[in-house]
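Residue numbers (the working numbering), protein chains in the order written: chain A, 18 to 269; chain B, 245 to 881; chain C, 5 to 224. Even glycine gets a Cβ: it sits at the ideal position worked out from N, Cα and C. Computed from a predicted model, the values in this text were never measured in an experiment. Working notes, beginning with the structure itself.
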Amino acid sequence: MSHDKTMTLTLHVWRQKGPKEPGKFETYEAKEVSPDQSFLEMLDEVNEDLIKAGKDPIAFDHDCREGICGMCSQVINGAPHGGMERTTVCQLHMRMFKDGDTIYIEPWRARAFPIVKDLVVDRGALDKIIQAGGYTSAHTGGVADGNAILVPKEVADYAMDAAECIGCGACVAGCPNGSAMLFTSAKVSQLAVLPQGEAEAARRVCAMTEELKAQGFGNCTNHYECQASCPKGIDVKFIAKLNREYLKALCK
Amino acid sequence: MILDGKCPTGPIEKTWDKHRFDMKLVNPANKRKYKILVVGTGLAGGAAAASLGELGYNVEAFCYQDSPRRAHSIAAQGGINAAKNYPNDGDSIYRLFYDTIKGGDFRAREADVWRLAQVSNNIIDQCVAQGVPFARDYAGYLDNRSFGGAQVSRTFYARGQTGQQLLLGAYSALARQIKAGTVKMFPRTEMLDLVVVDGEAKGITVRDMVTGEIRTHVGDAVVLCTGGYVNVFYLSTNAMGCSVTAAWKAHRKGAFFANPCYTQIHPTCIPQHGDKQSKLTLMSESLRNDGRCWVPKNKGDKRAPGEVPEEERDYYLERKYPSFGNLAPRDIASRAAKEQCDDDRGVGPGGRGVYLDFAASIKRLGEDTIRERYGNLFEMYEKITDENAYKVPMRIYPAPHYSMGGLWVDYNCESNVPGLFVLGEANFSVHGANRLGASALMQGLADGYFVIPYTIANYLAKTAPGKVKADNPECKKSVEDVNNNLKKLMSINGKKTVSEFHRELGKIMWENVGMARSEQSCKEALKKIPEIREEFWKNVKVAGSGAEFNQQLENANRVADFLEFAELLTRDALYRNESCGGHFRVEHQMPDGEAKRDDEKFCHAAAWEFKGVNAEPELHIEPLKFENVHLAIRSYK
Amino acid sequence: MQLLTSSVGRKVLMAITGQLMVLFVIIHMLGNSSIFIPGGINAYAEHLHALPPLVWGFRLVMLVAVAIHILFGVQLSLENRAANAETYAVKNLKRATLGSQSMLYTGLLLLAFIGYHLLQFTIRVTPDIVAGVDAQGRFDVFAMVTNSFSHGIIAFVYIAAMVVLFLHLSHGIQSFFQTMGWNNNKTLPVIGKIGTVAAVVLLLGYASIPLFIVSGILKG
Ligand SMILES: Cc1cc2nc3c(=O)[nH]c(=O)nc-3n(C[C@H](O)[C@H](O)[C@H](O)COP(=O)(O)OP(=O)(O)OC[C@H]3O[C@@H](n4cnc5c(N)ncnc54)[C@H](O)[C@@H]3O)c2cc1C
Ligand code: HEM
Ligand code: HEM
Ligand code: SF4
Ligand code: F3S
Ligand code: FES
């Protein structure tokens, strides 16, 4: 519902010109923030003021603003995406804050995600993990009818639970080890349970975990922080599934 | 000039097969000598790049996001159509073809639509093979649901995230090719110009959005798959970065823009909450299966919805369209909502909203069933509005959603500039004046997987590989032009921000060329748009420098193109002196308010040629022939 | 080879060796509990040492396990630290625990403890050791232990070490199942609870010995 009351907030925002430059927090005031605004709309307003004052606006990634593209990426008060369950920062609304609140805004931090500028990081390492094997080798054309191989509902549902990952990297940002295990496990699990992906399951899990290491992500030590950070609630059961698949692959 | 769509002749059901046979091929050993530039990695571009790479072409792919997986195709919720007829409810290629032609209000090319319907079945198979987890029944068979504008169940879906799953399928196929080295991917790279050499498209000039470097990529053909342009309205369901820029630059280099006035306004979006809003969120159309639209019968009724007694409610869709009721097609449902609000019976802040009420369905089916069907949508609605739609009716309002118009292409998806191909939402082809739900995903993938791999060979076989080199004067000139343009933007150092201009433009567009247009409103817009444009170039403020990551500059450049494009859209709306599909001219309606086509005068595609920013564009016409579906009044009563 | 170099492979080795140690700790605790039965622990020790090849075989396995566990534990931890060099200005962890975050430290403390413990009760070179024989002529483990633990400081060190062990295992036991892939969303919370309960039982079982002795309930 619309509220008439607006808020004033103090923002401490990480500013960093480029990957190699030192960064630091700058403090800004966000005024007349409406509780119905989204977090990014609040930042838009701060930026409008900065631009008008002739200052460099805060750079942050965003695109769809409806929680599906996985582009937005900010750590708010220590929580990736702000810490509201199953919510990306673009879907976070200001009504979860109170007038006078102080908010720390930082980029995803992990060695595998170098900072591009301010709150923008380079997540290309996640693409590399998919390129290592996150696909089925189906050729365009020349595939069987969609109903030729049956996939029971439970299996399809399980695969879909994993496939919901939006590739945002919050799991890495939240993981004390900077590990992309949740992201990787979601793709491995999705394709391992589907008959279409099963044939390559062993090769896939080895190649993808190898790439995970090569890209400089940490190892998983089961902190489960990733699931708590994930805006899609991807379950750590998929990490167990990946481990299982990995052991199966070793036995081959 | 009369344009030739190059449609194959003969019985429609044979056209595509015959055409495939007639087209030239490129010898497998020669394929890698050809470089193809694919701009955009949504469903259309991702599928195209992956398929072309797999065939052995040397592909370079570009997108403005940080990963190809983030194209706005990802946001599609509802589903994708195919004529599989798995439910055995009477579907067929012909019926899908027929529905699409009729849904488009007879403003699309028959042969293209037929091909789309024909390959729709292959798409589903392809996606299944890629591991797309479509919904299945307990026995393991693919499940279908029904969607607006069709009387059969032909929509395949993956929960409320069909677009995401299809895109991830295409993205994974693309990833496989990137790994194999056939596709080179350039994320965070925005195309800012098309390079045309001797009348043929041979390259693009891009800006590296991280370093700010401007450079040209040359190739043997360019494939644009850069999505839609409804962000010209500022507030829309599109992503913040969606723009007309790539298409517009191609237009400026000679490619015709067809039917820009065909825009789709989606009826079920969450209403605007304030002026600081940056975008609108779509709620899946499927909600209309169980929700009932109503407004209070009394004007200016400000009571809470629960306090409005049943007899004082107007279930206007059920009243006006008894047979389709709440499932009337998008354009009709949108206009009906606007009418109610214009009539001062809208609800919520600013009176720009109508209720979508689930109370009756909850009573009939129970809250759990409703939760199971739409749980995630209700959740999203609550996140944005802070209202629990199980308890109070949702408020919805139409919002710009999709662009049926786009760059003109022939049957081969090739524009009038040889070597420039346009796929997906960026082209104008199959949806006519109105797109049916679940058909855009189908088109993007059809173009990318099953059309371009064949039709591009037909062009390439006629051209020698590597004809144009990077040091070509046209490339240098293009880089210079782009540089100058950006420099100019940054040197203005005025007082207004880019978004202020965009908002202003959006407001004019929405009010004058939005859901309903009139000669007067179009003329008014045509007067105002150049004024804003002029002010923009005098008074815009862009901070920072060009040689770095600079989102202001990116936006400024996109808005500059919208400011030019908006005029063309409006001009087209003014020119098309009829109502059809999503284009509603208030002067042309049936006594009951339905769109009234003028087939005598407007049964054609209007393709515009650029003649300069402040000059009138030149109109070219491609007449449309209907030999398989007979022109009839579209009725959903 | 992959087992020794890959991320998951090394984790699995950690898990298996860790679990071996858990088994040892459980058995050791049961054995040690015989201290509450008069003469029990001396008899138990005598039985244990009756078969030297078995003892040495067992020691060898444990040695290898500990070595692997330490090697990879330290290596993986260092990698993890490097992968996440910078921390956030505000900390806001939701599911990570004190145990999960301090595995390397608790592990190294355990290593120190085990070193001390072996010098004390196995090699018997620490000054507190009284080495004697009981009435049946067996080595008097009971007297040795009760004597040592009657020093408040030693008892305290042991109790502290048991808390460290508890922290390590409060995360380690359930973590083992996840690493081995024997987990799903339904089992995870259950195994988590079982892990905590097991760690508590071990803490109580072990700590009770120095506690009972130093408090004078169990007298030498
Ligand atoms: C909220 C929403 C819901 C929808 N639901 C459905 C549905 O249920 N069913 C259905 O069939 N359709 C639906 N649609 C429509 C459908 O999703 C789109 O029409 C379709 O996905 C467009 O695909 P595309 O590949 O043409 O473009 P996009 O997916 O938009 O991709 C555009 C690509 O071009 C790139 N690009 C753009 N400009 C440039 C540039 N200048 N330089 C470099 N790269 C550039 C982008 O980076 C991106 O990769 C929906 C649309 C929206 C917005
Ligand atoms: C000797 C010194 C030790 C060191 C340096 C050490 C270190 C570590 C480290 C760094 C981890 C990794 C954290 C993780 O994976 O969660 C770990 C895990 C573990 N440790 Fe130890 N540890 C030691 C001793 C022990 C002992 C004595 C036991 C058992 C009694 C033990 C049981 C375990 C278990 C069960 C795990 C969990 C493995 C898994 O995650 O699957 N460790 N240890
Ligand atoms: C109150 C707690 C404990 C007591 C009273 C205790 C007692 C003893 C005694 C008496 C021995 C010597 C047995 C013999 O040689 O006859 C021993 C050996 C040993 N203990 Fe403990 N212990 C305790 C806790 C632990 C813990 C927590 C660990 C491991 C983490 C541990 C590891 C060992 C090892 C490795 C040996 C050597 C076994 C061998 O000879 O091979 N102990 N302990
Ligand atoms: S697993 Fe979750 S947090 Fe990680 S990338 Fe996917 S959606 Fe983001
Ligand atoms: S938080 Fe990190 S340690 Fe593993 S369980 Fe998640 S990846
Ligand atoms: S902007 Fe797309 S998920 Fe947030």
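Secondary structure note for B:T512: its beta strand (DSSP E) is the uninterrupted segment 507-513. Less than 7 Å separates the beta-carbon of A:I93 from that of A:I122. Within chain A, the residues placing a beta-carbon under 7 Å from that of B:M484 are H79, D80, R82, ordered along the chain.
Cβ-Cβ distances below 6 Å link B:D381 to D387 in the same chain, with the five nearest sequence neighbours on each side left out; the list follows chain order. In this structure, B:F672 and B:A849 form a Cβ contact; the two beta carbons are roughly 7 Å apart against a cut-off of 8 Å. Counting along the chain, A:K41 sits inside the beta strand (DSSP E) bounded by residues 40-50.
The straight-line gap separating the alpha-carbon atoms of A:V63 and B:K520 is approximately 11 Å.
In the structure shown, B:C469 adopts coil according to DSSP, grouped into three states.
With respect to the 7 Å criterion, B:T507 and B:S647 are classified as neighbours on the basis of their beta carbons. Taking the beta carbon of A:H98 as reference, no residue of chain B falls within 7 Å; the closest one sits roughly 12 Å away. Contact annotation for A:F200 against chain C: no contact, minimum CB-CB distance about 13 Å [criterion: below 8 Å]. The alpha-carbon of C:R63 is positioned some 14 Å away from that of C:L27.
When C-beta distances to chain A are compared with 9 Å, the residues of the region 372-390 of chain B below that value are V372, A373, Q374, G375, V376, P377, F378, A379, R380, D381, Y382, A383, G384, Y385, L386, D387, in chain order. Looking from the CA of C:V78, the closest CA among C:S106, C:V201, C:Y162, C:T101 belongs to C:S106. A straight line joining the alpha-carbon of B:G456 with that of C:F180 spans about 49 Å.
In this structure, B:G681 has its beta carbon at no less than 6 Å from each heavy atom of ligand 4. Within 8 Å of the CB of A:M111, no CB atom of chain B is found; the nearest one sits about 10 Å away.
Closest in alpha carbon position to B:D843, among B:A677, B:S364, B:F622, is B:A677. If you look at B:A849, you'll find it in the beta strand (DSSP E) that goes 848-853. In the DSSP assignment, A:Y263 falls outside any beta strand (DSSP E) and within the unbroken alpha helix (DSSP H) covering 254-268. Rounded to whole angstroms, the gap between the alpha carbons of C:N84 and C:V68 is 24 Å. For B:S743, the residues of chain A that pass the 8 Å Cβ criterion are D61, E65, in the order they occur in the chain.
Per DSSP, the continuous alpha helix (DSSP H) segment holding B:H746 begins and ends at 742-757. Straight across, the Cα-Cα distance linking C:V204 with C:S174 is about 8 Å.
For the region 666-690 of chain B, the beta-carbon criterion of a distance under 9 Å to any beta-carbon of chain A is satisfied by none of its residues. Secondary structure note for C:G176: its alpha helix (DSSP H) is the uninterrupted segment 156-183.
Put simply, the region 768-775 of chain B does not touch the region 47-58 of chain A. Fewer than three CB pairs are less than 8 Å apart.
For B:R777, the closest alpha carbon among the candidates B:R747, B:G463, B:R761, B:L561 is that of B:R747. A direct Cα-to-Cα measurement between B:I448 and B:A760 gives close to 37 Å.
Not one heavy atom of ligand 1 falls within 6 Å of the beta-carbon of B:A690. Distances from the CA of B:V598 to each of B:A373, B:G668, B:F622, B:L561 were compared; the closest alpha carbon is that of B:L561. DSSP, reduced to helix, strand and coil, places B:V462 within a strand of the structure shown.
Look at C:H175: its beta carbon is at least 6 Å from all of the heavy atoms in ligand 3. Look at the beta carbons and you see the region 180-189 of chain A touching the region 78-92 of chain A: at least three pairs across the two are nearer than 8 Å. When secondary structure is reduced to three states using DSSP, A:C89 falls in the coil class, being assigned neither helix nor strand.
Listed in chain order, the non-local C-beta contacts of B:I696 below 8 Å within the same chain comprise A292, S295, L296, V467, C657, F665, L667, local neighbours out to five positions each way being set aside.
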